[in-house]
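Numbering (full-length UniProt numbering), first residue to last: 1 to 482. Virtual Cβ for every residue (Gly too), placed ideally from N, Cα, C. Here the structure is laid out as structure tokens; the discussion comes afterwards.
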């Protein structure tokens, strides 16, 4: 692993890399405590909310998938907080998790782009992924179809469809919003066995639960309007063919009076396009273009394509269509751009930005345990996804300010650092137990007083040697626990 992370080692040497600098310093840059209070995270008594959230944020870096796993590990000594404190926060339906994520994302943009410049390739990106779950008793869980696997995967997957909206600002992807969706309903008996919880209909948790039954295109439109209202800006909206309905495209164009263009993959379905005085669907249009002999070739991408400007009655606007046949593919793929001024290469370059959300899903699942929440409470599921996305934003910011290229290696180095400390702690505990056994045996012989020895300078020196390897870089200050 060391040989594969040369640039990480450079950052470690240059910036004094540590868990403390990754989490605590970044949180200070984001003014995270103030953000939590601003959006409405408040507690009447006990530990501050920010301390609890801080602990939740670092679980993935400790290779821990649950609260219970944390309290069974050697890391539990970093806090005096009881696990019920964390459970209460995660299960609280009043917590404004959506607002917190939006404000963290807004702060991210303010830090990396203080002039609020809109990059030529900046884009709002929408896509969904499957968050698999084990157990049908989880609230609102259902069987969902994996459209990526398609017909190859005959059975649906138990879990949620996670619809995510993010912003690519020209350099990095930043998650802004999400909603969890149910699809295929369970049998009546299975639904009765699911966890049920009463919520105030006005609570944030009740509203998020209600979103489960709303179609993804409607929720995507709501997310877009919400993001624009919060001051986020982009030049394009990028989606795949599953979201490229006429209603979605038309609504995107109506936001800010057409300030954003849409580039999307489109199915060759029955929707009509007006070309040379005739209304044609995609297959008819492709046949017409072939007969006209208008095929072009892009050597840069080794792609054959047809380019045509048509009127799209569904959105009452002129658009540019590209029928593309990529290497080693038999079918022609169709792409639509409402920005008629873009060439084929420019359109493909902008659309390729959509891949950043796929990378985001892969990294959060593999590195940050996205979808590993074991709670039956739907509010806890929302809290889990939110804290995962916030942690990603923090690490992404660290990458930006330290001229990092990738996050994958950074995740691995952080985890290696924590695992090393945890092993040192476990080694000390084993040594301490062994020492107790030896000293007890000697004490029973009457040669050594065990209590006196444990108070001696020699014992304290040995203990310090082992503890320092774990505690010298400890995440939390002794009494100011999180």
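Just the C-alpha distance for residue 306 and residue 331, rounded to the nearest angstrom, thanks. Translated into the one-based positions of the chain shown, residue 306 becomes position 306. Translated into the one-based positions of the chain shown, residue 331 becomes position 331. Going from the Cα of residue 306 to the Cα of residue 331 covers about 13 Å.
Stretch-stretch touch, CB-based, cutoff 8 Å, three pairs: the region 218-238 with the region 168-179: The region 218-238 vs the region 168-179: in contact.
For residue 271, does the three-state DSSP call read helix, strand or coil? Mapped onto the chain shown, residue 271 falls at position 271. The answer is coil: DSSP assigns residue 271 none of H, G, I, E or B.
Close Cβ partners of residue 369 (< 6 Å) along its chain, the five nearest in sequence each way excluded: Counting from one through the chain shown, the residue named residue 369 turns up at place 369. Within its own chain, the residues whose Cβ lies closer than 6 Å to the Cβ of residue 369, once the five positions on either side in sequence are excluded, are 60, 65, listed in chain order.
Hey, quick one: how far does the alpha helix (DSSP H) through residue 99 stretch, first residue to last? Against the chain shown, residue 99 aligns to sequence position 99. Counting along the chain, the alpha helix (DSSP H) containing residue 99 begins and ends at 97-112.
What residue range does the beta strand (DSSP E) around residue 165 cover? By 1-based counting over the chain shown, the position of residue 165 is 165. Segment 157-168, the beta strand (DSSP E) holding residue 165.
Looking only at DSSP bridge pairs, what is residue 130 linked to? In the chain shown, counting from the first residue as 1, residue 130 sits at position 130. Beta-bridge pairing links residue 130 to 161.
Residue nearest to residue 286 in terms of C-alpha spacing, selected from 310, 264, 302, 301: In the chain shown, residue 286 corresponds to position 286, counting from 1. Nearest of 310, 264, 302, 301 to residue 286, Cα basis: 310.
Would you grab the beta carbon distance between residue 100 and residue 41 for me? Rounded to a whole angstrom, and I think it's under 8 Å. Residue 100 sits at position 100 when you count from the first residue of the chain shown. Residue 41 sits at position 41 when you count from the first residue of the chain shown. Rounded to the nearest angstrom, the Cβ distance from residue 100 to residue 41 is 7 Å, consistent with a contact under 8 Å.
Give me, in chain order, the residues of the same chain whose beta-carbon lies closer than 8 Å to that of residue 270; leave out the 5 immediate sequence neighbours on both sides. Numbered from its first residue, the chain shown carries residue 270 at position 270. Result list for residue 270: 281, in chain order.
Which residues in the same chain have their Cβ closer than 7 Å to the Cβ of residue 246, if we skip the five residues on either side of it in sequence? The residue labelled residue 246 in the question sits at position 246 within the chain shown. Around residue 246: 271, 314, 315.
Do you know offhand how far residue 141's Cα is from residue 212's? Your numbering for residue 141 matches position 141 in the chain shown. Your numbering for residue 212 matches position 212 in the chain shown. C-alpha of residue 141 to C-alpha of residue 212: approximately 9 Å in a straight line.
Can you tell which of 456, 176, 172 has its C-alpha closest to the C-alpha of residue 119? Residue mapping note: residue 119 aligns to position 119 of the chain shown, counting from 1. Nearest of 456, 176, 172 to residue 119, Cα basis: 172.
Sorted by chain position, which residues of the same chain lie with C-beta nearer than 6 Å to residue 303's C-beta, five sequence neighbours on each side aside? Numbered from 1 along the chain shown, position 303 holds the residue referred to as residue 303. Excluding residues within five positions, the ones whose Cβ falls inside 6 Å are 324, 326.
State the CB to CB distance for the pair residue 219 and residue 179, rounded to an integer number of angstroms; the pair is presumed to be in contact (CB under 8 Å). Your numbering for residue 219 matches position 219 in the chain shown. Your numbering for residue 179 matches position 179 in the chain shown. Between residue 219 and residue 179, the beta carbon gap of about 5 Å places them in contact (Cβ cut-off 8 Å).
If you reduce the DSSP assignment to three classes, tell me which class residue 365 lands in. By 1-based counting over the chain shown, the position of residue 365 is 365. Residue 365: helix per DSSP, three-state reduction.
Run through the DSSP bridge pairs and tell me what residue 279 is partnered with. Residue 279 sits at position 279 when you count from the first residue of the chain shown. Beta-bridge pairing links residue 279 to 274.
Pop quiz: residue 47 and residue 67 are said to be a contact at Cβ under 8 Å. What is the actual Cβ separation, rounded to whole angstroms? Position 47 of the chain shown, counted from the start, is the residue given in the question as residue 47. Position 67 of the chain shown, counted from the start, is the residue given in the question as residue 67. Between residue 67 and residue 47 the Cβ distance is about 14 Å, and since that is not below 8 Å, they are no contact.
Would you tell me roughly how many angstroms separate the C-alpha atoms of residue 321 and residue 222, rounded to the nearest one? In the chain shown, counting from the first residue as 1, residue 321 sits at position 321. In the chain shown, counting from the first residue as 1, residue 222 sits at position 222. Approximately 27 Å between the Cα atoms of the pair.
Since residue 552 sits in a beta bridge, which residues does DSSP pair it with? For the chain, the structure presents residues 1 to 482; residue 552 sits outside this window and is missing.
So what's residue 306 in DSSP terms, helix, strand or just coil? Numbered from its first residue, the chain shown carries residue 306 at position 306. In the structure shown, residue 306 sits in a strand (DSSP, three-state: E or B).
Per the DSSP calculation, residue 338 is bridged to which residue(s)? In the chain shown, counting from the first residue as 1, residue 338 sits at position 338. None; residue 338 has no bridge partner.
Would you kindly work out how many angstroms separate the C-alpha atoms of residue 241 and residue 333, rounded to a whole number? As a position in the chain shown, residue 241 is number 241, starting the count at 1. As a position in the chain shown, residue 333 is number 333, starting the count at 1. C-alpha separation (whole angstroms): 10 Å.
On a Cα-Cα basis, can you pick out the residue from 230, 34, 456 that is closest to residue 177? Here residue 177 refers to the residue found at position 177 when the chain shown is read from its first residue. Restricting attention to 230, 34, 456, the CA atom closest to the CA of residue 177 is found in 230.
Pair within 8 Å by beta-carbon distance, residue 386 and residue 97: For the purposes of this step, residue 386 is identified with residue 386 of the chain shown, where counting begins at 1. For the purposes of this step, residue 97 is identified with residue 97 of the chain shown, where counting begins at 1. In contact: residue 386 and residue 97 (Cβ atoms closer than 8 Å).
From the DSSP output, in three-state form, read off residue 35 for me. For the purposes of this step, residue 35 is taken as residue 35 along the chain shown, with counting starting at 1. Annotated three-state conformation of residue 35 is helix, per DSSP.
In three-state DSSP terms, what is residue 2? As a working mapping, residue 2 is identified with position 2 in the chain shown. Residue confidence is low: residue 2 scores 36 on pLDDT, short of 50, so the model does not pin down where it sits. Its coordinate-derived value is still stated next. Of the three classes helix, strand and coil, the one that applies to residue 2 here is helix, per DSSP.
In chain order, what residues of the same chain lie with their CB nearer than 6 Å to the CB of residue 319, ignoring the 5 residues before and after it? Reading the chain shown from its first residue, position 319 is the one you call residue 319. Result list for residue 319: 312, 336, 338, in chain order.
Checking 8 Å against the spacing of the C-beta atoms, do residue 283 and residue 268 come in under that value? Position 283 of the chain shown, counting from 1, holds the residue named residue 283. Position 268 of the chain shown, counting from 1, holds the residue named residue 268. A contact, by the Cβ cut-off of 8 Å.
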